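Asker: Handing you this structure, nothing more for now.
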Amino acid sequence: MKTDTWKNRDWITTFDYTKEELETILHLAFELKERFNLNEPHDILARKTLFMIFYNGSLRTRNSFEAGMTQLGGHAHFLDTGKIYAPTFGSETKDRHSEDIADTARTLSRMGHGISIRCFGDAVGWRWGMGNQVIREFAKWSDIPVINMEDDWYHPCQAMADIMTIKEKLGELAGKKLVMSWAYAPDTKKPLSVAHSMLPVASKFDMEIVLAHPKGYDLNSEVISKVKNNVTQFGGSFTTMDDMDAACEGADVIYAKSWTATQFWLPIQEKLMEAELKSLAEKNKDWICDSRRMALAKKGAIYLHCLPCNRDFEVTADVIDGPQSAVFDEAENRLHAQKAIMALLMK
Amino acid sequence: MKTDTWKNRDWITTFDYTKEELETILHLAFELKERFNLNEPHDILARKTLFMIFYNGSLRTRNSFEAGMTQLGGHAHFLDTGKIYAPTFGSETKDRHSEDIADTARTLSRMGHGISIRCFGDAVGWRWGMGNQVIREFAKWSDIPVINMEDDWYHPCQAMADIMTIKEKLGELAGKKLVMSWAYAPDTKKPLSVAHSMLPVASKFDMEIVLAHPKGYDLNSEVISKVKNNVTQFGGSFTTMDDMDAACEGADVIYAKSWTATQFWLPIQEKLMEAELKSLAEKNKDWICDSRRMALAKKGAIYLHCLPCNRDFEVTADVIDGPQSAVFDEAENRLHAQKAIMALLMK
Amino acid sequence: MKTDTWKNRDWITTFDYTKEELETILHLAFELKERFNLNEPHDILARKTLFMIFYNGSLRTRNSFEAGMTQLGGHAHFLDTGKIYAPTFGSETKDRHSEDIADTARTLSRMGHGISIRCFGDAVGWRWGMGNQVIREFAKWSDIPVINMEDDWYHPCQAMADIMTIKEKLGELAGKKLVMSWAYAPDTKKPLSVAHSMLPVASKFDMEIVLAHPKGYDLNSEVISKVKNNVTQFGGSFTTMDDMDAACEGADVIYAKSWTATQFWLPIQEKLMEAELKSLAEKNKDWICDSRRMALAKKGAIYLHCLPCNRDFEVTADVIDGPQSAVFDEAENRLHAQKAIMALLMK
């Protein structure tokens, strides 16, 4: 258990957190889950403030952070960027509508104890990677921890809830087969953040990882190389395939969800190629997690999804609402994992 | 005083709460009012979370629930449906704009201790009764108490504040004459929720109840039959009339406010018949609570209104701002009654 | 230190607060700053509620009030006027969109402990002074303290943070030269609130005050006369000039920011004269606080700005982000000054 490396650190990706640090978070998350269940006080952040800046809508993230801060004795501000001056890169600010991120970050740093941010898609003109850059700009200027509540590239809080759920349901992580699979959804603009965060975490725990997606839905090569390095260092394996059936065979965990095809986005393209996105997705409508595919997995395998989901597209209702689904445990674990992260960083 | 029937129960209508349970709520409400007045701590819901989902605007409801949770030691989230994924029946969800109520309810159930909802009118396409159905769908899926903050049919929190105010001002309820009267307002789309909730509560307390409205503004027949059953069981009387003057004679309480004529709504009609609504209302512009009508009531009679009101349409300024008006006591009692309800259900 | 004059008082301008009262606020602000720095509890407003009503956007004000209430043990409601019924003068209310201020104020008075309001510009149809009138209407009807979070005329919380910052950085206030200077900004509709609040406070502390602005940007004559009276009573001096260079010479503090020219506004004009506003501003583009002008000031002089600022228009980046800038200390002091004000008024 690491005790000395937390103070005022940012949580933007899990990349620069060691395995021991991630284990320290998980350990505390389970401890806080028990105290919550027993309704025992745990005022670790008494009277402290988290500033939650949302460029995008949110149900799970907002409510788990806000309830989490209350449970820790503090309070989280819900900051809709339409109601503050939307924090923007200095060169793009407009009077009475936006303000330089550098100024926002330095101001909030003086008034509270953490800044959490969600930013992707529409909010940054559908420019790929800009959401992550916005968060990094906050981190550059903030003197208090900056926490990523999901950008276009990463969703590290989700990954901690995911791995916590797998551990809770299946026990020992080592040797378990985790399938991260693309799935079809009518909305073709979903971030890659979940896969980009989950795989780098899972690969630190000696798991047998399979990444499955149709051609054209590749993950970022830097992320893939981090996953491969982890497997070399910590054991397990990493395989990619473009056959969902083959991937599901013998799985312990099937995490099937949709993500976009980044080759059709800015800045690679001059403008977002919506028709091409649509057309590629339509060719892969059979990428759905249904009971037939769950039957290919191990008995006792679980289904994960970060939610919100597209029922009957990404996953059939009988699977996500069935006995193998752990999606509401997974949603609940957002609360406990994030409380652990906040407690460690903002204490 | 009932102590054993509260845990995790929903508060959607008062129908399935017994007289003893309603008295238990009232008793606690007065107790909490005293503690508030003395500024004595009463951390009954310390660190607990209420999720307040508002499909519609609100002043009194939102602020009384949010301040109430603070006073009880917890915190209430203000959730504007435009900022979460608006909870919707599964078949009506739209990507990145809405989410299945079943998923929203099951997610929030894991993170906090109560879900309160306001839903009617515009938010459900002006389909009559749909607001109530939305709340019932939440209750179906939620493992934590669901609290009705007003739908198109019911406003049970308001009814508890109303009866509390009558008791506070007039003492013994038995034998008091309560007039619930329709009144004219330019806005012809107001819910029936207040009358539909107030009468079923008042009729449990041996009161002489008069319901007055012009032809075409009938309350729901099921509600009326519940009121009649209550009168049979608990005493008092129930009379309807279409003459506001006659109704006001000898009254102890005049509760005059506007409500819509449901026969012009979906699903009875194919579309909301705004012109017919308007025209029926215009014929009844003389249904106003003014000083002449207050003079028909008993000396010491009080005037009630849930607010916001249409001054000079529903009620003249000299009445609502005069010595017989108890509307701000009534608004304050929202706070205390709701704190009692939350304390009992979410403890 | 005054102890007997605070209970339930409004904070709309600093005009009717004595020098001793302002000193009491400053003293407590520094005390609370130290406790915040040491993370020592100071639950002066435990479980109490502040209702923050925002007609306009806000970053610093909202977050400093909301975090401040948390630190004091209470909670602040963020009330966007689009989500409550926007409080409006009775004659201007619209069904389901707005509500009489008299009703809003009397309702909230029953549920919590303070009402804070920001209101100017767009929210009141660009009618000059109407924001202040809205706040005064609240104060007329509210039984709990009304706190001005900035209107078109005044920003008294900012003034307390400003004077606190000067005291913190420069020590003794008496004899220091304070320059309040207009500066150019592309947005020509900024309130005069900062200058109108800062000068009446500073002039109670025996300072050498210089007000500098181009012709046409005069402050309100009533404010000016209060400043002059203060100088007579408390010492120091007050000079006005239309030469920014001359003003900056030998300054201890340069507070350079933009404000509008009220002679082009309603109610003086029939409609807001945007072209004339623009044209007058464009003639004075050289009113900028740059390093050359900072060099005219004393060694060790500080630069102040309430933020958000227009970099490269009101002030160059090298000044506002340089070693003489105290703008983030100033922003932080909003928190501590406002906590002191709330603690004294709402205790």
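Protein chains in written order, with the working numbering: chain A, 1 to 347; chain B, 1001 to 1347; chain C, 2001 to 2347. The beta-carbon is built from N, C-alpha and C at its ideal position, and this holds for glycine as well. From a predicted model like this one, the values you see are computed outputs, not experimental measurements.
1) Taking three-plus beta-carbon pairs below 8 Å as touching, is the stretch 291-307 of chain A in contact with the stretch 259-270 of chain A?
2) Mind pulling the chain A residues with CB within less than 8 Å of E2066/C?
3) Could you please give the first and the last residue of the uninterrupted beta strand (DSSP E) stretch that includes A1088/B?
4) In angstroms with no decimal places, state the Cα-to-Cα distance between E1274/B and W1126/B.
5) Between the Cα of T104/A and the Cα atoms of N2132/C, S2064/C, F2015/C and M2069/C, which residue gives the shortest distance?
6) Is the separation between the beta-carbon of V327/A and that of L345/A shorter than 8 Å?
7) Are any of the Cβ atoms in chain B nearer than 8 Å to that of M2111/C?
8) So for D2206/C, helix, strand or coil by DSSP?
9) Beta-carbon separation of V1227/B and L1199/B under 8 Å?
10) Ordered along the chain, which non-local residues of its own chain (more than five positions away) have a Cβ less than 8 Å from that of D80/A?
11) Once DSSP output is grouped into helix, strand and coil, what is the label at D2151/C?
12) Where are the beta strand (DSSP E) runs, 3 residues long or more, that stay fully inside the stretch 102-146 of chain A, in chain order?
13) So what does DSSP say about T2239/C, is it helix, strand or coil?
14) On a CA-only basis, which of G1114/B, W1128/B and V1201/B is nearest D1016/B? Give me that one, please.
15) Given this structure, state the Cα-to-Cα distance separating G1250/B from I2115/C, to the nearest angstrom.
16) Following the continuous alpha helix (DSSP H) through S2058/C, name the residue where it begins and the one where it ends.
17) Inspect the CB distances between the stretch 8-25 of chain A and the stretch 144-161 of chain A and report whether three or more fall short of 8 Å.
18) I need the DSSP call for I1025/B, collapsed to helix, strand or coil.
19) Of the residues S2221/C, L2108/C, E2040/C and K2189/C, which one's Cα is nearest the Cα of L2072/C?
20) If you measure between the beta carbons of N1148/B and I1012/B, is that distance less than 8 Å?
21) Using CA coordinates, which residue listed in N1284/B, P1087/B, M1241/B and E1168/B is at the minimum distance from H1027/B?
22) Is it right to say N229/A is buried, meaning 16 or more other beta carbons lie within 10 angstroms of its own, or is it exposed?
23) Evaluate contact between the stretch 1235-1255 of chain B and the stretch 1178-1190 of chain B, counting only Cβ atoms and requiring at least three cross-stretch pairs below 8 Å.
24) By a C-beta neighbour count over all protein chains shown, 10 Å radius and 16 as the cutoff for buried, is K1204/B buried or exposed?
25) Mind checking if L59/A is an interface residue toward chain C, Cβ cutoff 8 Å exclusive?
26) Run through DSSP, which three-state label would T14/A get?
27) Determine which residues share a DSSP beta bridge with M1180/B and list them.
28) Any beta carbon from chain B within less than 8 Å of D80/A's own beta carbon?
29) Indicate whether at least one CB of chain B lies closer than 8 Å to the CB of Q158/A.
30) Indicate the three-state DSSP secondary structure (helix, strand or coil) for H77/A in the structure shown.
31) Out of D2290/C, I2224/C and V2194/C, which one is the CA nearest neighbour of Q2324/C?
32) Could you check whether M2241/C and A2029/C sit closer than 8 Å to each other, using their CB atoms as the reference points?
33) Using the rule of at least 16 other Cβ atoms within 10 Å of the residue's Cβ for burial, across every protein chain shown, is D312/A buried or exposed?
34) Determine the chain C residues that contact Y85/A at a beta-carbon separation under 9 Å, and present them in chain order.
35) Would a check of beta-carbon distances place E20/A closer than 8 Å to chain B?
36) Who are the neighbours of E1270/B on chain C, taking C-beta pairs under 8 Å?
Answerer: So, to answer that:
1) No, they do not touch.
2) Position 66 of the third sequence, counted from the first residue, corresponds to residue 2066/C. What E2066/C touches in chain A: T49, H75 and H77.
3) Mapped onto the second sequence, residue 1088/B falls at position 88. Sequence check: residue 1088/B is Thr here, not Ala. Counting along the chain, T1088/B sits inside the beta strand (DSSP E) bounded by residues A1086 to T1088.
4) Against the second sequence, residue 1274/B aligns to sequence position 274. Against the second sequence, residue 1126/B aligns to sequence position 126. Between E1274/B and W1126/B, the C-alpha separation is close to 11 Å.
5) Mapped onto the first sequence, residue 104/A falls at position 104. T104/A has its Cα closest to that of S2064/C, out of N2132/C, S2064/C, F2015/C and M2069/C.
6) On the first sequence, position 327 is the one that residue 327/A refers to. On the first sequence, position 345 is the one that residue 345/A refers to. Going by C-beta atoms, V327/A is not nearer than 8 Å to L345/A.
7) Along the third sequence, read from residue 1 onward, the residue named residue 2111/C stands at position 111. Interface residue, yes.
8) For the purposes of this step, residue 2206/C is taken as residue 206 along the third sequence, with counting starting at 1. DSSP places D2206/C in coil when its eight states are reduced to three.
9) Here residue 1227/B corresponds to residue number 227 of the second sequence, with the count starting at 1. Here residue 1199/B corresponds to residue number 199 of the second sequence, with the count starting at 1. A contact, by the Cβ cut-off of 8 Å.
10) In the first sequence, residue 80/A corresponds to position 80, counting from 1. Only F54 meet the Cβ criterion.
11) Residue numbering aside, residue 2151/C sits at position 151 when the third sequence is read from its first letter. D2151/C: strand per DSSP, three-state reduction.
12) Qualifying beta strand (DSSP E) stretches, in chain order: 114-119.
13) Within the third sequence, numbered from 1, the residue matching residue 2239/C stands at position 239. Looking at T2239/C - three-state DSSP - the assignment turns out to be strand.
14) The residue given as residue 1016/B occupies position 16 in the second sequence. Residue V1201/B is the option with its Cα nearest to D1016/B.
15) Residue numbering aside, residue 1250/B sits at position 250 when the second sequence is read from its first letter. Residue numbering aside, residue 2115/C sits at position 115 when the third sequence is read from its first letter. G1250/B and I2115/C: Cα-Cα distance of roughly 40 Å.
16) Taking the third sequence and counting its residues from 1, the one referred to as residue 2058/C is at position 58. Counting along the chain, S2058/C sits inside no alpha helix (DSSP H), nor does DSSP assign it H or E at all.
17) yes
18) Here the question's residue 1025/B lines up with position 25 in the second sequence. Of the three classes helix, strand and coil, the one that applies to I1025/B here is helix, per DSSP.
19) In the third sequence, the residue the question calls residue 2072/C occupies position 72. Closest option to L2072/C, Cα to Cα, is E2040/C.
20) Counting from one through the second sequence, the residue named residue 1148/B turns up at place 148. Counting from one through the second sequence, the residue named residue 1012/B turns up at place 12. Yes; because the gap between Cβ atoms is below 8 Å, this pair is in contact.
21) One-based indexing of the second sequence puts residue 1027/B at position 27. Looking at the Cα atoms, E1168/B is the closest of the given residues.
22) Taking the first residue of the first sequence as position 1, residue 229/A is located at position 229. N229/A comes out exposed.
23) yes
24) Locating residue 1204/B in the second sequence gives position 204, counting from the first residue. Around the beta-carbon of K1204/B, 16 or more other beta-carbon atoms lie within 10 Å, marking it buried.
25) Sequence index remark: in the first sequence, residue 59/A carries index 59 (1-based). No, L59/A does not count as interfacial toward chain C.
26) Start at 1 with the first residue of the first sequence, and residue 14/A comes out as number 14. Here T14/A sits in coil by DSSP.
27) Here the question's residue 1180/B lines up with position 180 in the second sequence. DSSP, once it has assigned bridges, lists L1211/B and Y1255/B as partnering M1180/B.
28) Within the first sequence, numbered from 1, the residue matching residue 80/A stands at position 80. Among the residues facing chain B, D80/A is included, as its CB has a counterpart in that chain under 8 Å away.
29) On the first sequence, residue 158/A is found 158 positions in, with the first residue counted as 1. Not one chain B Cβ lies under 8 Å of Q158/A.
30) One-based indexing of the first sequence puts residue 77/A at position 77. If DSSP states are grouped into helix, strand and coil, H77/A belongs with the strands.
31) The count along the third sequence starts at 1 and reaches residue 2324/C at position 324. Taking only the C-alpha atoms, the option nearest Q2324/C is D2290/C.
32) Here the question's residue 2029/C lines up with position 29 in the third sequence. Here the question's residue 2241/C lines up with position 241 in the third sequence. No, the pair does not count as a contact, with Cβ atoms beyond the cut-off.
33) Position 312 of the first sequence, counted from the start, is the residue given in the question as residue 312/A. With fewer than 16 other Cβ atoms within 10 Å, it is exposed.
34) Counted from its first residue, the first sequence places residue 85/A at position 85. Near Y85/A (Cβ distances below 9 Å), the residues of chain C are G2057, S2058, L2059 and P2308.
35) Position 20 of the first sequence, counted from the start, is the residue given in the question as residue 20/A. By this cut-off, E20/A is not an interface position.
36) Locating residue 1270/B in the second sequence gives position 270, counting from the first residue. Simply none; closest approach about 24 Å.
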